[in-house]
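**Q** Okay, handing you the structure first.
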Amino acid sequence: MYISLNHKTTFLRLALIPLASSTASGAILVGNLSEPYRSATPIANPEYWSAQSFVVDTQSYPLNWIEALVGEGFGGPDVVAELRIADESGEMVQGPAGLLTNFVAPDMAGPRSNRLFSPVSPVTLQASTKYWFVMGCSNTGGFDWGYIDSNGQEGTGSISDFADSSTGGVDWIYRGIDFPYFMQVNVGETGLEWNFDGDGDWSLATNWLGGPPNAVGAAANFGSAISDPRTVTVDLPKTVGEINFTNFTKYTLAGPGVITIETATGPGVIKVAQGEHQIDAPLQLAVDTQIRVMPMNFGLTITDLQPATVAINKMGPGKLTVNQVRTTALSIDAGTVTIMTNGTNTGASRVDTLTITGGATPGSTLDLNDNDLVVTNSSYADITSAIAHARNGGAWGRRGITSSAARDATPKNQTLGTLTGTQYLSLGSTTFDDFEITAADTLVKYTFYGDTDFNGLVDFDDYSRTDNGFNNGGTDWFHGDFDYNGIVDFDDYSVIDMAFNTQTGTLRRAMEYLEGSDRSDKGMNTPSLQLVQRHFDQFGDAYASSFLNAVPEPASCSLAALVFTSMMSRRRHPERQRGIWG
């Protein structure tokens with residue numbers, strides 16, 4: 050029988066990966082992200098076994114082979130580790146007669162290493178079913194078996210209970226070892242597979258095992274056939290329910306034909322199990338679609354995602370890069386969705402509902418880059434909170450709604466501004482990036498700090514609204530809170546002044562004035578520089594430091610350090626802000 054341990058749920062390092070004879074390339078069903086290795090136990094003789102379970106997702110998959118981390122054999126020079134698989138009733142699906150045998154050198158006397166196992170006979174993991182992997186050994190001696198926390202799961206399956214079965218009363222031993230460690234359950238794909246190591250047309254039957262996929266619900270698998278980056282030309286329109294990339298080597302799916310994702314029931318799936326891949330062909334989503342980019346350091350680029358009326362769910366820790374997202378709902382469960390560099394109306398995105406996991410502390414990221422966004426059915430407060438978290442004082446180094454363009458800007462004079470639909474409509478326009486705007490919308494624009502009206506410039510009207518916000522407790526972008534800290538203060542004036550002086554070509558003179566190298570009135574007769582003088586006189590050192598911190602190296606390398614030493618004796622207090630011209 051199985052006896053539950055009083056321990057955190059843990060899991061073997063397991064990978065179900067294709068046999069050498071298999072034509073499928075495999076995909077992650079369930080796994081752990083990089084987690085610390087926690088503990089180990091000696092497993093000795095067949096009287097002691099320990100097991101970890103997992104639950105299959107809503108599809109069935111062929112089991113190909115398993116990878117289990119074991120090591121440090123003892124009690125004999127050639128300890129043979131055995132890995133068995135059982136269903137929820139405890140019946141052995143493979144074992145003891147059909148156990149998963151070790152086909153790597155079985156000597157366990159060396160350091161910890163990965164050990165690979167293959168099933169003696171075919172095994173199909175049934176949909177929505179719980180299975181146990183049972184680890185032990187059948188000859189004299191034993192070995193250490195590592196296990197890890199079940200946090201940070203990836204894949205569509207789920208890690209479940211841990212248990213052991215022992216007549217020998219073996220105890221767990223904490224080893225105190227800590228190093229990056231993860232497990233994977235990798236299963237064979239179902240469907241038709243690309244089978245030509247070269248560029249070729251999708252429609253050519255001989256390029257595929259089983260013929261070219263083109264039907265509602267069909268699966269197109271792009272796996273191990275290629276040894277160098279290859280382009281598959283979608284020569285005619287194609288319909289599939291699933292696309293799977295399972296090769297480290299890059300596949301590019303190119304047009305002119307449109308790829309339509311459509312299923313009879315359930316969501317469509319586009320999945321990257323490993324590698325960096327690209328879809329250049331127009332991609333039309335006819336049903337709700339899961340885009341699963343499972344490896345943390347890999348990604349998928351879609352350069353021509355078409356507008357749709359479906360829900361897109363980005364899953365997995367990897368990165369999805371798209372030209373824009375215009376659809377009903379975008380949910381980012383993990384990883385990053387990045388909008389490609391564009392900066393024009395064609396790069397703007399529009400979604401009804403935007404969901405970023407984690408709430409006030411986002412666990413995933415939408416990177417708008419240099420593009421705009423309209424959200425029609427999510428709160429203004431949620432959108433600005435996600436931007437504020439990602440902005441992180443101007444470093445743009447955290448999750449949420451971010452902008453890599455703002456992060457990399459030189460100087461740091463651009464950001465993501467936000468307006469409610471009501472605020473935008475009050476300015477006299479009814480369209481934004483060619484989208485019709487309603488009062489319930491939230492608008493996000495990549496623009497200059499201080500651009501309160503989204504006209505792409507900092508001007509008199511922007512300063513007027515900022516002054517009004519400063520004098521009357523403004524708390525949002527429209528009223529001068531450009532850093533999203535809930536108030537209008539010296540930081541907001543420093544960034545709007547810096548952006549204004551960038552536009553007018555007077556940034557260098559402003560820097561000379563603030564760092565103290567030239568505090569004269571020479572050349573300070575432009576409106577932008579007069580504002581710098583006025584705000585320095587009003588806010589003092591804090592304003593100057595905030596302004597200079599946004600100026601790139603090497604020009605500013607000595608400026609911030611000089612601010613406080615050159616002006617220590619000057620202490621200023623806030624006063625009501627006057628109009629910008631006098």
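Each residue of the sequence shown is one higher than the last, beginning at 50 in the working numbering.
Quick reminder that beta carbons are idealized off the backbone N, C-alpha and C, glycines included.
1) If we call anything under 8 Å between Cβ atoms a contact, is valine 374 one with glycine 206?
2) Between threonine 280 and chain B, is the shortest Cβ-Cβ distance under 8 Å, so that the two count as touching?
3) Distance, Cα to Cα, glycine 392 vs aspartate 508?
4) DSSP on asparagine 520, reduced to helix/strand/coil?
5) Restricting to runs no shorter than 3 residues, where is the beta strand (DSSP E) found entirely within the region 403-447?
6) First and last residue of the beta strand (DSSP E) that includes tyrosine 533?
7) Leaving out five residues on either side along the sequence, give the residues of the same chain with a beta carbon under 7 Å from the beta carbon of glycine 449.
8) Give the straight-line distance between the Cα atoms of tyrosine 495 and serine 252, rounded to the nearest whole angstrom.
9) Spatial neighbours of threonine 72 within its chain, please: C-beta separation below 7 Å, excluding the five flanking residues on both sides.
10) Please find out if some non-hydrogen atom of the ligand ATP comes closer than 7 Å to the beta-carbon of asparagine 362.
11) In whole angstroms, what is the alpha-carbon distance linking glutamine 323 and proline 344?
12) Would you kindly work out how many angstroms separate the C-alpha atoms of isoleucine 275 and asparagine 296, rounded to a whole number?
13) Which whole-angstrom value describes the C-beta separation of tryptophan 526 and threonine 479, a residue pair presumed to lie in contact below a C-beta threshold of 8 Å?
14) What is the DSSP secondary structure of valine 581, reduced to helix, strand or coil?
15) Are the region 583-602 and the region 537-546 touching, with three or more C-beta to C-beta distances below 8 Å?
16) For valine 342, I'd like the list of residues in its chain whose CB is within less than 7 Å of its CB, leaving aside the five on either flank, ordered along the chain.
17) Does the beta-carbon of threonine 376 have 16 or more other beta-carbons within 10 angstroms, so that it is buried, or is it exposed?
18) How long is the line joining the alpha carbons of leucine 512 and aspartate 500, rounded to whole angstroms?
19) Distance check for glutamine 327 and arginine 279, CA to CA, integer angstroms please.
20) Excluding the 5 residues flanking arginine 568 on each side, which residues of the same chain have their C-beta closer than 8 Å to its C-beta?
21) Rounded to whole angstroms, what is the Cα-Cα separation between tryptophan 445 and leucine 580?
22) Do leucine 332 and isoleucine 361 come within 8 Å of each other at the CB atom, strictly closer than that value?
23) Under DSSP, the beta strand (DSSP E) around threonine 464 begins and ends at which residues?
24) Note down the Cα distance separating alanine 488 from glycine 470, rounded to an integer number of angstroms.
25) In the structure shown, what three-state DSSP assignment does aspartate 227 receive?
26) Does DSSP put glutamine 355 in a helix, a strand or coil?
27) Do valine 537 and threonine 555 come within 8 Å of each other at the CB atom, strictly closer than that value?
28) Do asparagine 426 and threonine 402 have their CB atoms nearer than 8 Å?
29) Is the separation between the beta-carbon of asparagine 418 and that of methionine 389 shorter than 8 Å?
30) What is the DSSP secondary structure of alanine 489, counted as helix, strand or coil?
31) On the premise that alanine 254 lies in contact with proline 262, defined as a C-beta separation below 8 Å, what is that separation, rounded to the nearest angstrom?
32) For serine 475, count the other beta carbons within 10 Å of its own beta carbon; 16 or more makes it buried, fewer makes it exposed. Which is it?
33) If we count the other Cβ atoms within 10 Å of its Cβ and call it buried at 16 or more, is arginine 456 buried or exposed?
34) Hey, would you say proline 286 sits closer than 8 Å to glycine 306, going by beta carbons?
35) Compute the Euclidean distance between the alpha carbons of aspartate 482 and tryptophan 181, then round it to the nearest angstrom.
36) In whole angstroms, what is the alpha-carbon distance linking arginine 447 and alanine 454?
**A** Looking at the coordinates:
1) no
2) Of the chains in the structure shown, none is chain B; there is only one protein chain.
3) 21 Å
4) helix
5) 414-416, 422-424
6) Per DSSP, tyrosine 533 belongs to no beta strand (DSSP E) and is neither H nor E.
7) Ile405, Pro411, Thr414, Ala435, Ile436, His438, Ala439
8) 42 Å
9) Low confidence applies to threonine 72: its pLDDT is 34, below 50, so where it sits in the model is not reliable enough to give any reading.
10) As far as ligands go, the structure on display features none, and thus does not contain the ligand ATP.
11) 6 Å
12) 8 Å
13) Tryptophan 526 to threonine 479, Cβ: 20 Å. No contact.
14) helix
15) yes
16) Val321, Gly348, Leu349, Gly365, Gly367, Lys368, Leu369, Gly384
17) buried
18) In the sequence on display, residue 512 carries tyrosine and not leucine. For tyrosine 512 and aspartate 500, the distance between alpha carbons rounds to 9 Å.
19) Arginine 279 and glutamine 327: Cα-Cα distance of roughly 11 Å.
20) Tyr562
21) 27 Å
22) no
23) 463-469
24) 4 Å
25) Caution applies to aspartate 227, whose pLDDT of 38 falls short of 50 and renders its modelled position unreliable; the value that the coordinates give is listed next. Aspartate 227: coil per DSSP, three-state reduction.
26) Looking at glutamine 355 - three-state DSSP - the assignment turns out to be coil, as it is neither helix nor strand.
27) no
28) Taking a C-beta distance under 8 Å as the contact criterion, asparagine 426 and threonine 402 qualify as a contact pair.
29) In this structure, methionine 389 lies closer than 8 Å to asparagine 418 by Cβ.
30) coil
31) In fact, because the Cβ distance is near 11 Å, the residues do not count as touching under 8 Å.
32) exposed
33) buried
34) yes
35) So the alpha carbons of these two residues sit roughly 53 Å apart.
36) 14 Å
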